[in-house]
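Novice: Residue numbers (the working numbering), protein chains in the order written: chain A, 1 to 397; chain B, 398 to 794.
2 protein chains.
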Amino acid sequence: MPRFSASVSALRSSAIRELMSLASRPDIISFAGGMPGNELFPVEAVEELLGGLDLKTKQAAFQYGPTPGLPSLLESLSGFLEQKGLPVQKNRLMITTGSQQGLSILAKAFVDPGDRVLTEYPCFIGAIAAFRSAGAEIRSIPVDNEGLDIAILQEEAARPDPAKFLYITPYFHNPAGILYSSERKQKLIETLQGRDIPLIEDDAYAGLWFHEEYRERLKPIKAIDPDGIDVCYMGSFSKILGPGLRLGWLLAPPAIYEKCELIKQSADACSPSFSQVIADAFIRSGRIGPYITSVRQEYRRRAACMTTALRNHLPEYVRWSEPRGGFYIWLTLPEGSDSTPILKLAIDGGAVFVTGNTFDPEGKRNNTMRLSYCNNTPEEIERGIPIIARAIRDVCG
Amino acid sequence: MPRFSASVSALRSSAIRELMSLASRPDIISFAGGMPGNELFPVEAVEELLGGLDLKTKQAAFQYGPTPGLPSLLESLSGFLEQKGLPVQKNRLMITTGSQQGLSILAKAFVDPGDRVLTEYPCFIGAIAAFRSAGAEIRSIPVDNEGLDIAILQEEAARPDPAKFLYITPYFHNPAGILYSSERKQKLIETLQGRDIPLIEDDAYAGLWFHEEYRERLKPIKAIDPDGIDVCYMGSFSKILGPGLRLGWLLAPPAIYEKCELIKQSADACSPSFSQVIADAFIRSGRIGPYITSVRQEYRRRAACMTTALRNHLPEYVRWSEPRGGFYIWLTLPEGSDSTPILKLAIDGGAVFVTGNTFDPEGKRNNTMRLSYCNNTPEEIERGIPIIARAIRDVCG
Numbered sequence: 001m002p003r004f005s006a007s008v009s010a011l012r013s014s015a016i017r018e019l020m021s022l023a024s025r026p027d028i029i030s031f032a033g034g035m036p037g038n039e040l041f042p043v044e045a046v047e048e049l050l051g052g053l054d055l056k057t058k059q060a061a062f063q064y065g066p067t068p069g070l071p072s073l074l075e076s077l078s079g080f081l082e083q084k085g086l087p088v089q090k091n092r093l094m095i096t097t098g099s100q101q102g103l104s105i106l107a108k109a110f111v112d113p114g115d116r117v118l119t120e121y122p123c124f125i126g127a128i129a130a131f132r133s134a135g136a137e138i139r140s141i142p143v144d145n146e147g148l149d150i151a152i153l154q155e156e157a158a159r160p161d162p163a164k165f166l167y168i169t170p171y172f173h174n175p176a177g178i179l180y181s182s183e184r185k186q187k188l189i190e191t192l193q194g195r196d197i198p199l200i201e202d203d204a205y206a207g208l209w210f211h212e213e214y215r216e217r218l219k220p221i222k223a224i225d226p227d228g229i230d231v232c233y234m235g236s237f238s239k240i241l242g243p244g245l246r247l248g249w250l251l252a253p254p255a256i257y258e259k260c261e262l263i264k265q266s267a268d269a270c271s272p273s274f275s276q277v278i279a280d281a282f283i284r285s286g287r288i289g290p291y292i293t294s295v296r297q298e299y300r301r302r303a304a305c306m307t308t309a310l311r312n313h314l315p316e317y318v319r320w321s322e323p324r325g326g327f328y329i330w331l332t333l334p335e336g337s338d339s340t341p342i343l344k345l346a347i348d349g350g351a352v353f354v355t356g357n358t359f360d361p362e363g364k365r366n367n368t369m370r371l372s373y374c375n376n377t378p379e380e381i382e383r384g385i386p387i388i389a390r391a392i393r394d395v396c397g
Numbered sequence: 398m399p400r401f402s403a404s405v406s407a408l409r410s411s412a413i414r415e416l417m418s419l420a421s422r423p424d425i426i427s428f429a430g431g432m433p434g435n436e437l438f439p440v441e442a443v444e445e446l447l448g449g450l451d452l453k454t455k456q457a458a459f460q461y462g463p464t465p466g467l468p469s470l471l472e473s474l475s476g477f478l479e480q481k482g483l484p485v486q487k488n489r490l491m492i493t494t495g496s497q498q499g500l501s502i503l504a505k506a507f508v509d510p511g512d513r514v515l516t517e518y519p520c521f522i523g524a525i526a527a528f529r530s531a532g533a534e535i536r537s538i539p540v541d542n543e544g545l546d547i548a549i550l551q552e553e554a555a556r557p558d559p560a561k562f563l564y565i566t567p568y569f570h571n572p573a574g575i576l577y578s579s580e581r582k583q584k585l586i587e588t589l590q591g592r593d594i595p596l597i598e599d600d601a602y603a604g605l606w607f608h609e610e611y612r613e614r615l616k617p618i619k620a621i622d623p624d625g626i627d628v629c630y631m632g633s634f635s636k637i638l639g640p641g642l643r644l645g646w647l648l649a650p651p652a653i654y655e656k657c658e659l660i661k662q663s664a665d666a667c668s669p670s671f672s673q674v675i676a677d678a679f680i681r682s683g684r685i686g687p688y689i690t691s692v693r694q695e696y697r698r699r700a701a702c703m704t705t706a707l708r709n710h711l712p713e714y715v716r717w718s719e720p721r722g723g724f725y726i727w728l729t730l731p732e733g734s735d736s737t738p739i740l741k742l743a744i745d746g747g748a749v750f751v752t753g754n755t756f757d758p759e760g761k762r763n764n765t766m767r768l769s770y771c772n773n774t775p776e777e778i779e780r781g782i783p784i785i786a787r788a789i790r791d792v793c794g
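(1) Tell me the rounded alpha-carbon separation between alanine 460 of chain A and tyrosine 233 of chain A.
(2) Should methionine 432 of chain B go down as buried or exposed, given a rule of 16 or more other Cβ atoms within 10 Å for buried?
(3) With respect to the beta strand (DSSP E) encompassing threonine 729 of chain B, which residues constitute its N-terminal and C-terminal limits?
(4) Count the other CB atoms, across all protein chains shown, that sit within 10 Å of the CB of aspartate 54 of chain A; report buried if there are 16 or more and exposed otherwise.
(5) In the DSSP assignment, find the unbroken beta strand (DSSP E) run with tyrosine 299 of chain A in it and report its ends.
(6) Does glutamate 112 of chain A pass the burial test, meaning 16 or more other C-beta atoms within 10 Å, or should it be called exposed?
(7) Check whether chain A comes within 8 Å of aspartate 593 of chain B, counting only Cβ atoms and requiring the distance to be less than that.
(8) Per DSSP, what are the beta-bridge partners of tyrosine 233 of chain A in this structure?
(9) For alanine 309 of chain A and tyrosine 299 of chain A, what's the separation of their Cα atoms in angstroms?
(10) Whose CA, out of A:Ile229, A:His173, A:Leu40, A:Tyr64, lies closest to the CA of lysine 455 of chain B?
(11) Beta-carbon of arginine 324 of chain A versus every beta-carbon of chain B: anything under 8 Å?
(12) Using the C-alpha atoms, what's the distance from isoleucine 178 of chain A back to aspartate 144 of chain A?
(13) Buried or exposed for leucine 774 of chain B, going by 16 or more other Cβ atoms inside 10 Å?
(14) Is there a Cβ from chain A that is less than 8 Å from the Cβ of glutamine 859 of chain B?
(15) Starting from the N-terminal side, write out each stretch of the beta strand (DSSP E) that is 3 residues or longer and does not extend beyond the segment 764-789 of chain B.
(16) Taking 6 Å as the limit between beta carbons, can you name the residues of its chain near glutamine 662 of chain B, skipping five residues before and five after?
(17) Pull up the distance between the alpha-carbon of tyrosine 602 of chain B and that of methionine 306 of chain A, whole angstroms please.
(18) I need the boundaries of the beta strand (DSSP E) containing serine 537 of chain B, first residue and last residue.
(19) Given that a residue counts as buried once 16 or more other Cβ atoms are within 10 Å of its Cβ, and exposed if not, what is proline 290 of chain A?
(20) Is the beta carbon of serine 408 of chain A sitting closer than 8 Å to the one on serine 7 of chain A?
(21) I'd like the list of long-range same chain contacts for glutamine 551 of chain B, defined as Cβ closer than 8 Å, with 5 residues on each side in sequence excluded.
(22) Valine 117 of chain A lies in the alpha helix (DSSP H); which residues open and close that run?
(23) If isoleucine 660 of chain B sits next to aspartate 627 of chain B, beta carbons under 8 Å apart, how far is it from one beta carbon to the other, in whole angstroms?
(24) Straight-line CA distance for glycine 723 of chain B to glutamine 497 of chain B?
(25) Under 8 Å, with one C-beta from each stretch per pair, do the segment 116-123 of chain A and the segment 161-170 of chain A reach the 3-pair mark?
(26) Whose C-beta lies closer than 8 Å to the C-beta of glutamine 193 of chain A among residues of the same chain, with five residues either side of it excluded?
(27) Which residues of the segment 640-662 of chain B have a Cβ closer than 7 Å to any Cβ of chain A? Give them in chain order.
(28) If you measure from the beta carbon of tyrosine 64 of chain A to each beta carbon in chain B, is any gap under 8 Å?
(29) Less than 8 Å between the beta carbons of alanine 389 of chain A and leucine 345 of chain A, yes or no?
(30) From what residue to what residue does the beta strand (DSSP E) around arginine 489 of chain B run?
(31) Kindly list the residues whose CB is nearer than 6 Å to the CB of isoleucine 152 of chain A, restricted to its own chain and excluding five residues on each side of it in sequence; keep chain order.
(32) Can you check the segment 14-68 of chain A for any alpha helix (DSSP H) of at least 4 residues that lies completely inside it and give the ranges in chain order?
(33) Spatial neighbours of isoleucine 128 of chain A within its chain, please: C-beta separation below 6 Å, excluding the five flanking residues on both sides.
(34) With a cut-off of 8 Å, does the C-beta of valine 540 of chain B fall near any C-beta of chain A?
(35) Taking just the CA atoms, how far does alanine 281 of chain A sit from serine 475 of chain B?
(36) My parser needs the alpha helix (DSSP H) runs of 4 or more residues fully inside the segment 170-196 of chain A; what are they?
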């Protein structure tokens, strides 16, 4: 056996891989994936944009670029982010190879093996993987429908050995689907101020809101720009252009950015120029706004369809909330339930979802399940949800 | 100041960044970069290939792919590598986000902070950055014109605490420009056999040979497939399609591959699908062979032009070898010389190169300099080399 490093020896084949293989089985309806529908990608628009580029830009798409990103994309993306009120000028912006790389870089920047970091429970699996890969001990703090449990955060913040950072996804949480309230964000800010715990704010689903009334809640903490907290704001083109481009971004205070740039240099030198040229053209052409509007409407339709199906078929003891945006609905079964046998029955019936323990950094709590509606037709949703509901009844009664 | 991890606190702004900024100054002739000439990229061919794809493939270019790579590219690349005699079936193949990511992943797989790894002296800066970022102590073994110093390797291999791996770039070495002899490779194999030191064989310049007579030397150690050594073979599309796609590959024994896949999953989930679709189409269309032939001929012309200019202008005390392929010529000045003041004079004169200490893991030895000819017209080479030669004379007499 090769003499692997200590942190890697501990890594085991993870849930993500199993998830991917389940989700790609053609014979079952998958509510498991977190990928946009293939039919929604702006294939024609990008083809047209690529054709219209000048030769110099086309050549640059094949060439190495600077580690932080192509200057033209950094400029156009800065404009895009400034429209959201983000303090781009006071910080430094870096293109990452998907926001997954942003997580990996930040973990490496802050975590020595054994260091404690704070996340939400449940938590995005890519973050669990990145933090664990850096050797972090993950302490996860439960969320309710308004956000993180502030009492627990206060305890953590008061410890003499504070955690290395807090990671949250306040906007259409993956997997919990929730949207933080403005009050909860304010309390979170007050708790962290002056505590030397950087905040990683992951806004991967930005733009995918379903109702005007909740737009006020979408203002990033980074845009509130609170004193006394180092906020590292992350975003992604995955949901507003295509994950296959592998482009995310990180907006961070200069001292943090500096370290992140060095880490990125050794990680992959630079993000794909070809993708960056496409994203830049997509922003500059003005197509990104109407595109986001169109997918937002489509995901709202799919969410509404799933909401109706769940109302019609789920037993009453299953708790869930109507999504306000994003890709996911999170089901909570009665205390003591186990979603793994439900998954087995559902697969037999021809539908698949992700069990809750996948999103538990401790891998235990499992009376929950994630359903995604982002990649399903109404017909699939109407056929698939009764299968899930039946499996729940068969197991939970 | 944020509480960075120990390994990151030690990272300093590196030579790579300075190099990039020097190389991009429009007012000076750059022999510093290791990037292909922009005018050589197969822009039209790729445009045509993209236009000819079916809708399903176009959509897949926007979508997440499996962590190890798109199945279609893994299949076509396997065929490409089997033509080089590589034992693809006995190993596992993974697409990486540039071969830089391959280095970063392997470093993470094997290195705990403080672990010793072996490289060549001089050594590719991307490897130095990746290994150092993982916390490695780098022990570099000098190369001569035929390859690594075997006596020193034998000493290292006999230590009771063997190094975690040996990293070499035997084919048109960056920066030394050398091509290992078959004898030296054989001795290296014999030294490593049964020693529990995996070999990382970096073949990024494969295909860019200038003379038929040296083709025999190009057979990868991985293709020789020696018993008793775990060989991790790395390659890249950067020089045979375009670095802006950020696509490399790693062919590794299954046990090593397994860990690498988990690391990649947490690093960036998957490499860019858009790039992978392009590379796959480029291989399957049969265009890759003629394209490699055409760039090989062009780089040979540029190398010949630089060779002539160096013969005409360099003082006799500068030692160098005519390149047999690849991108670089490595100049060795008399013992005790320092190439840094030469670089300053050269920049004043309007030309730039990379000082030798950049490629020294210890950052010291500096009586050497790297000139690259890959991205220059004959006219630039003829104007630039006299500037370099004059700077050498001004400093070394």
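C-beta: ideal position from N, C-alpha, C; glycine also.
Specialist: Let me lay it out:
(1) The structure shown has nothing for residue 460 of chain A, since chain A only spans 1 to 397.
(2) Counting from 1 along the second sequence, the entry for residue 432 of chain B is found at position 35. So methionine 432 of chain B ends up on the buried side.
(3) As a working mapping, residue 729 of chain B is identified with position 332 in the second sequence. Going by DSSP, threonine 729 of chain B is part of the beta strand (DSSP E) stretching over 725-729.
(4) Translated into the one-based positions of the first sequence, residue 54 of chain A becomes position 54. With a 10 Å radius around the Cβ and a threshold of 16 neighbouring Cβ atoms, aspartate 54 of chain A comes out exposed.
(5) Start at 1 with the first residue of the first sequence, and residue 299 of chain A comes out as number 299. No beta strand (DSSP E) contains tyrosine 299 of chain A, which is instead part of the alpha helix (DSSP H) from 288-313.
(6) For the purposes of this step, residue 112 of chain A is taken as the residue at position 112 of the first sequence. Going by the sequence as given, residue 112 of chain A is aspartate instead of glutamate. Looking at its Cβ environment, which holds 16 or more other Cβ atoms inside 10 Å, aspartate 112 of chain A is buried.
(7) Reading the second sequence from its first residue, position 196 is the one you call residue 593 of chain B. Taking Cβ atoms only, chain A reaches closer than 8 Å to aspartate 593 of chain B, which makes this a yes.
(8) To locate residue 233 of chain A, count along the first sequence from 1; it is residue 233. Looking at the DSSP output, tyrosine 233 of chain A shares a beta bridge with A:Glu201, A:Leu251.
(9) Counting from one through the first sequence, the residue named residue 309 of chain A turns up at place 309. Counting from one through the first sequence, the residue named residue 299 of chain A turns up at place 299. Rounded to whole angstroms, the gap between the alpha carbons of alanine 309 of chain A and tyrosine 299 of chain A is 15 Å.
(10) If you number the second sequence from 1, residue 455 of chain B lands on position 58. Cα-wise, what sits closest to lysine 455 of chain B is A:Leu40.
(11) Reading the first sequence from its first residue, position 324 is the one you call residue 324 of chain A. With 8 Å as the cut-off, arginine 324 of chain A does not count as an interface residue toward chain B.
(12) Start at 1 with the first residue of the first sequence, and residue 144 of chain A comes out as number 144. Start at 1 with the first residue of the first sequence, and residue 178 of chain A comes out as number 178. One C-alpha to the other measures close to 8 Å.
(13) One-based indexing of the second sequence puts residue 774 of chain B at position 377. For clarity, residue 774 of chain B is threonine in the given sequence; the question names leucine instead. By the 16-neighbour rule on beta-carbons within 10 angstroms, threonine 774 of chain B is exposed.
(14) The first residue shown for chain B is 398 and the last is 794, placing residue 859 of chain B beyond what the model contains.
(15) Counting only runs of 3 or more, we get 765-769.
(16) Start at 1 with the first residue of the second sequence, and residue 662 of chain B comes out as number 265. If we look at glutamine 662 of chain B and ignore the five residues flanking it on each side, its Cβ neighbours are Thr464.
(17) By 1-based counting over the second sequence, the position of residue 602 of chain B is 205. By 1-based counting over the first sequence, the position of residue 306 of chain A is 306. Cα to Cα, the separation comes out at about 52 Å.
(18) Translated into the one-based positions of the second sequence, residue 537 of chain B becomes position 140. Per DSSP, the continuous beta strand (DSSP E) segment holding serine 537 of chain B begins and ends at 534-541.
(19) As a working note, residue 290 of chain A is residue 290 in the first sequence. Its Cβ having fewer than 16 others within 10 Å, proline 290 of chain A is exposed.
(20) Absent from the structure is residue 408 of chain A, since the part of chain A shown begins at 1 and ends at 397.
(21) As a working note, residue 551 of chain B is residue 154 in the second sequence. Around glutamine 551 of chain B: Thr588.
(22) For the purposes of this step, residue 117 of chain A is identified with residue 117 of the first sequence, where counting begins at 1. Segment 116-121 is the beta strand (DSSP E) holding valine 117 of chain A; no alpha helix (DSSP H) there.
(23) Position 263 of the second sequence, counting from 1, holds the residue named residue 660 of chain B. Position 230 of the second sequence, counting from 1, holds the residue named residue 627 of chain B. No, isoleucine 660 of chain B and aspartate 627 of chain B are not in contact; Cβ-Cβ is about 16 Å, not under 8 Å.
(24) In the second sequence, counting from the first residue as 1, residue 723 of chain B sits at position 326. In the second sequence, counting from the first residue as 1, residue 497 of chain B sits at position 100. Whole-angstrom Cα-Cα distance: 18 Å.
(25) Output reads yes: the segment 161-170 of chain A touches the segment 116-123 of chain A.
(26) Working through the first sequence from its first residue, we reach residue 193 of chain A at position 193. Pro226, Asp227, Gly228, Ile229.
(27) Within the segment 640-662 of chain B, Pro640, Gly641, Leu642, Arg643, Ala652, Ile653, Lys656, Leu659, Ile660, Gln662 place their CB atoms closer than 7 Å to a CB of chain A, listed in sequence order.
(28) Position 64 of the first sequence, counting from 1, holds the residue named residue 64 of chain A. At least one C-beta of chain B is nearer than 8 Å to the C-beta of tyrosine 64 of chain A.
(29) Here the question's residue 389 of chain A lines up with position 389 in the first sequence. Here the question's residue 345 of chain A lines up with position 345 in the first sequence. The Cβ atoms of alanine 389 of chain A and leucine 345 of chain A lie no closer than 8 Å to each other.
(30) Locating residue 489 of chain B in the second sequence gives position 92, counting from the first residue. Its beta strand (DSSP E) spans residues 489-493.
(31) In the first sequence, residue 152 of chain A corresponds to position 152, counting from 1. Excluding positions up to five away in sequence, the list reads Ile141.
(32) Correct list: 15-23, 43-51, 55-60.
(33) Walking along the first sequence from the start, residue 128 of chain A turns up at place 128. Closer than 6 Å at the Cβ level, and outside the excluded window around isoleucine 128 of chain A, lie Pro361.
(34) Walking along the second sequence from the start, residue 540 of chain B turns up at place 143. Closer than 8 Å: no.
(35) Position 78 of the second sequence, counted from the first residue, corresponds to residue 475 of chain B. Position 281 of the first sequence, counted from the first residue, corresponds to residue 281 of chain A. In this structure, the straight-line span from the alpha carbon of serine 475 of chain B to that of alanine 281 of chain A is close to 34 Å.
(36) Counting only runs of at least 4 residues, the segment 170-196 of chain A fully encloses the following alpha helix (DSSP H) elements, listed from N- to C-terminal order: 182-192.
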